[in-house]
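See structure below.
Residue numbers (this note's numbering): 58 to 427.
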């Protein structure tokens with residue numbers, strides 16, 4: 058008998074996240090086969106009057122493809138998958154797998170080419186032309202990264218993914234309104250004193266319609282306005298390697314100094330292209346069920362009391378002009394148990410040690426979202 062939590066998740070993905078309508082086509086793309094959820098999604102798509110299409114992929118096979126492909130083949134793959142995506146009204150990307158480091162031995166130039174072709178196709182077609190949502194699915198590997206038992210992690214996963222995102226969306230309205238009126242932002246914390254502007258760049262709430270789990274409000278800094286130092290306090294897997302103790306120094310928007318547990322590797326990522334040393338996103342995380350980093354960015358960027366500050370490509374919805382083949386969400390947790398920290402908007406304190414201090418933002422504090 059199927060877990061009722063899977064059925065609830067599938068129902069929410071089809072009816073809330075992508076709002077599939079009668080006659081609409083949805084591509085269900087599954088990296089790492091999870092049959093129960095895929096079948097539930099197919100059934101829910103039919104109930105909504107839609108037409109489901111399924112693509113099953115496997116991370117180890119994807120790695121083999123990357124190792125052998127040259128740019129010409131990447132371009133053909135992007136064209137092939139892009140032609141399918143153009144036919145879709147909606148997209149659900151289900152990511153699963155037992156090894157987050159599956160691409161750790163794929164050469165950097167091949168990863169870069171993959172991002173410039175297949176990744177760009179997703180940015181240009183899937184993101185811009187479909188109703189889409191991306192999510193993970195629990196595995197023993199994810200449980201291990203979260204330092205939890207497999208059963209315990211599954212319970213956590215379904216609590217996070219099946220929370221009331223409609224309630225969260227309403228609670229975000231005050232923060233969106235305030236961010237849209239704000240010019241100067243200052244971030245303070247251990248190893249961090251950073252200022253930048255978000256003037257005239259829209260704030261976008263994310264409450265279960267593009268990512269599951271969800272729980273962030275994002276915008277982008279004015280591209281050349283960033284100055285100061287930012288030190289991240291969570292590990293961040295990227296291109297098959299887990300970076301720790303990442304610290305950036307900014308001057309007029311550009312990362313002029315970058316250090317980490319592998320400084321050379323870090324700077325190679327930042328040298329991907331000109332835009333990789335500039336920032337495409339600033340976001341505040343508010344998910345009340347996610348407390349600790351688990352080296353999975355779809356979870357970590359939503360951590361209660363966190364923010365992320367993202368080198369690379371900006372989003373069209375919060376456009377600051379930065380273009381890059383990378384988009385790397387790096388997370389800082391400002392709760393007291395992680396050293397604390399403060400966020401100021403136009404010199405007014407809005408969050409201290411992960412707790413919003415303004416009355417209009419109090420609905421986003423964890424006790425009001427669970």
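Backbone N, C-alpha and C define an ideal beta-carbon position, used for all residues, glycine too.
Just so it is clear, the structure is predicted and the values come from calculations on it, not from any experiment.
- DSSP, reduced to helix, strand and coil, places residue 103 within a helical segment of the structure shown.
- At a cut-off of 4 residues, not a single continuous stretch assigned as alpha helix (DSSP H) sits fully inside the stretch 277–323.
- Between residue 383 and residue 172, the gap from beta carbon to beta carbon is short of 8 Å.
- Between residue 283 and residue 310, the gap from beta carbon to beta carbon is short of 8 Å.
- Residue 231 and residue 377 have their C-alpha atoms spaced approximately 23 Å apart.
- Annotation for residue 66: the continuous alpha helix (DSSP H) segment containing it runs 61–69.
- Take residue 415, set aside five residues on each side of it, and the residues of its chain with a beta-carbon closer than 6 Å to its own are 407, in chain order.
- When the five nearest sequence neighbours on each side are left out, the beta carbons in the same chain lying within less than 6 Å of the beta carbon of residue 79 are those of 106, in order along the chain.
- At a Cβ-Cβ threshold of 8 Å, residue 355 and residue 192 count as neighbours.
- Under the three-state reduction of DSSP output, residue 147 falls in the strand class.
- Straight-line measurement puts the Cα of residue 85 at about 26 Å from the Cα of residue 202.
- Considered as a whole, the stretch 249–277 harbours 249–254, 261–263 and 273–276 as its complete beta strand (DSSP E) runs of no fewer than 3 residues, in chain order.
- Assignment of residue 160 by DSSP, reduced to helix, strand and coil, places it in the coil class.
- The straight-line gap separating the alpha-carbon atoms of residue 321 and residue 293 is approximately 16 Å.
- In the three-state reduction of the DSSP assignment, residue 342 falls in the strand class.
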